[in-house]
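Counting in full-length UniProt numbering, the sequence shown runs from 1 upward without gaps. From the three backbone atoms N, C-alpha and C, an ideal C-beta is built for every residue, glycine too.
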Amino acid sequence: MQMNLNSSNYDQLFNEKSAQRQNDYNKLGSSRLSYQTPNLKNSQTLNQSYSEQIKNIYGSVDQNDLAIKNELTQIQMEEFYLNKLREQREKMEYLRSEFSKKDKIILQYQEEIIYLKEILQDSDTLKLQFDSMQQIINRLEDINQRDNQELCRLREDNEKLSRQFQNKDKYIQDLKDENQLIQSMQQEMEETVRKFKLVMQEKEYTYNEQIKSLKLENERLQQEIEISKVDSELTKTRSQNYEELSKSLIELKKHNQELVQELTKEQEQNFKNEKVIAELKNQQVEQKKQLDSKLKQLNDKQSEQSFQLEDFKEKEKEYLKSIEELQKSKKDLEKKIKSSKEQKKLLEQEIKLIKERNSELDIVYMRQKEQCKQLELEIIEQSAAIKQHQTDLKNNLQLQKDQEVEILHLKQENSQLREQVIHLHEKEEREKQIRYQLEKIKQDLICARNSEVERLDQCFHEFQMTSHLVNNHDQFLTNAVKDSMLPSRSSHRKGGSEKDIQKSIANQQKKSLRN
């Protein structure tokens, strides 16, 4: 059973009980005052009334005992609920320990998240480095393409010159053996006609064709003389181009060093401020735009180069026209054939120099090729490392997402557990209030019980006194009756004895009332 006892209810019960006790006491007093006349019947009635009153008092005591027992049962029930609350408190302490463990786990997850953020910052720096390296590589590739184009042009020129000089050698041999090697001269002339595809489409084994071939060869000699001059100019231009290339390579190296220094500075700034990372990302977008613009420029340059090639073709046409004009000057060349032998030696020397220069250019070209291959290998290695790093970053991001999901679940559990803790704290406060009220009730019940015991003791003492007085009154009445029965006593004495009896009874009643 469960009873909600408050201090106000208990005060009402206590006041009601005290009022009942006062009424009982007043009834006893009134009954005592009513017995003023001495009589045996009255004494018997008094004894009966006192016994009934005592029974009523003991009945009230039994009722109080029952109420006390009920209150004790309530206290036992409350102690049972208090034990349950203690068990709940132990559970709460266990939950708090688990909360502390989960808080430690959350701190570990937070540390791991910070570490992953640092890794992401490193990845951003590596991306910036990779972008800068790609820019440098693109520049180097552009330079290498230009160099390759120039080398191809130079090789074509050298091949043309070598062919022309070979034809010169053949022509010189033909001149030495004019009568013996006429047929060989015809074959060589046919080969030359096939190679250049300029003149002589049909082959005739007549003397007129030989004359034409001789004319053509004389014209070629003149062209070769002019080409030798052009070669000298080309060698100068090549030397200038190589010097410019070396200078550009040095500048590129310096620029690379400056870029590396700038990258180091950017890394330091990235570690200091996360805002700078966002700015750098914006810069990356701008750099991409710039690269796109540069690509457009390169495409424009390529288109310009295509126009230049068309111009070159037009110049070739003009060159062919000049060849036709040179054919007209064939007669002058025949006169100069004799002087060509002397010039032939000079041309051979120049050819040797050109071959040496070509060999040097080939060596330089091979070195550049090797450097390009090394750069390509380094680029491949870096791209592989970057891909691995990207895969690692993706895995780390997935782990981070999983950890964030776990953290959200843990936070939800923590919120639920905190709500439970709050409810348990409220229950504990309610338990404390209930215990405090129960202790007050216990103290009040103990005080009431002690006061009731004292009152009952007083009532019992009064009852003993009244019973003693009643017994004395009966004896006195019996003695008075005996004295009144004696014949020797006079009326005067009888009247005096009755007055004395009344006075003695009144004094005894007063004493009993005082007690």
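*Taking C-beta to C-beta, are Ile114 and Lys442 nearer than 9 angstroms?*
A distance of 9 angstroms or more separates the beta carbons of Ile114 and Lys442.
_Nearest-angstrom Cβ-Cβ length linking Leu82 and Glu454, presumed shorter than 8 angstroms_ = About 32 angstroms separates the two Cβ atoms, so there is no contact after all.
*If you draw a straight line from the alpha carbon of Glu452 to that of Leu445, how long is it in whole angstroms?*
Answer to the nearest angstrom: the Cα atoms are 10 angstroms apart.
*Answer yes or no: do Lys419 and Arg89 have a C-beta to C-beta separation smaller than 9 angstroms?*
Reading off the sequence, residue 419 comes out as Glu, not Lys. For Glu419 and Arg89, no; Cβs fall outside 9 angstroms.
*asked:* Quick check on Arg220: buried or exposed, where buried means 16 or more other Cβ atoms within 10 Å of its Cβ?
replied: By the neighbour-count rule (16 or more Cβ atoms within 10 Å), Arg220 is buried.
*Could you say which of Gln371, Ile105, Gln349 and Ile434 lies nearest to Glu407 if we only look at CA atoms?*
The residue asked about is misnamed: residue 407 is Ile in this sequence, not Glu. Check the Cα spacing between Ile407 and each of Gln371, Ile105, Gln349 and Ile434: the tightest is with Ile105.
*Alpha carbon to alpha carbon, what distance is there between Glu310 and Glu150?*
Roughly 17 angstroms separates the two Cα atoms.
*asked:* Taking the beta carbon of Lys92 as the centre, do at least 16 other beta carbons fall within 10 Å, making it buried, or is it exposed?
replied: Sequence check: residue 92 is Met here, not Lys. Its Cβ being crowded by 16 or more others within 10 Å, Met92 is buried.
_Taking its Cβ as the centre, do 16 or more other Cβ atoms sit within 10 Å of Thr73, making it buried, or is it exposed?_
A residue is called buried when at least 16 other Cβ atoms come within 10 angstroms of its Cβ; Thr73 does not meet this threshold and is exposed.
*Look at Asn95 and Leu417 and say whether their C-beta atoms are less than 9 angstroms apart.*
The sequence shown places Leu at residue 95, not Asn. Annotated as proximal: Leu95 and Leu417, with beta-carbon spacing under 9 angstroms.
*Do Ile434 and Glu78 have their C-beta atoms closer together than 9 angstroms?*
For Ile434 and Glu78, yes; Cβs fall inside 9 angstroms.
_At 3 residues or longer, what runs of the beta strand (DSSP E) sit wholly inside the segment 380–458?_
Counting only runs of 3 or more, we get nothing.
*Whose C-alpha, out of Arg86, Glu71 and Asn70, is nearest the C-alpha of His425?*
The option with the nearest alpha carbon to His425 is Arg86.
*If we count the other Cβ atoms within 10 Å of its Cβ and call it buried at 16 or more, is Leu469 buried or exposed?*
Its Cβ being crowded by 16 or more others within 10 Å, Leu469 is buried.
_For Ser97, tell me which candidate among Val421, Glu462 and Asn472 has the shortest Cα-Cα distance._
If we check each option's Cα against that of Ser97, Val421 comes out closest.
*Spatial distance of Gln374 from Glu159 (CA atoms)*: Looking at the two C-alpha atoms, the distance is approximately 30 angstroms.
*Taking only the alpha-carbon atoms, compute the straight-line gap between Gln464 and Asn472 and give it to the nearest angstrom.*
Using only the alpha carbons, I get a separation of about 12 angstroms.
*With a threshold of 16 other CB atoms inside 10 Å of the CB of Glu233, please say whether the residue is buried or exposed.*
Per the 10 Å Cβ criterion, exposed.
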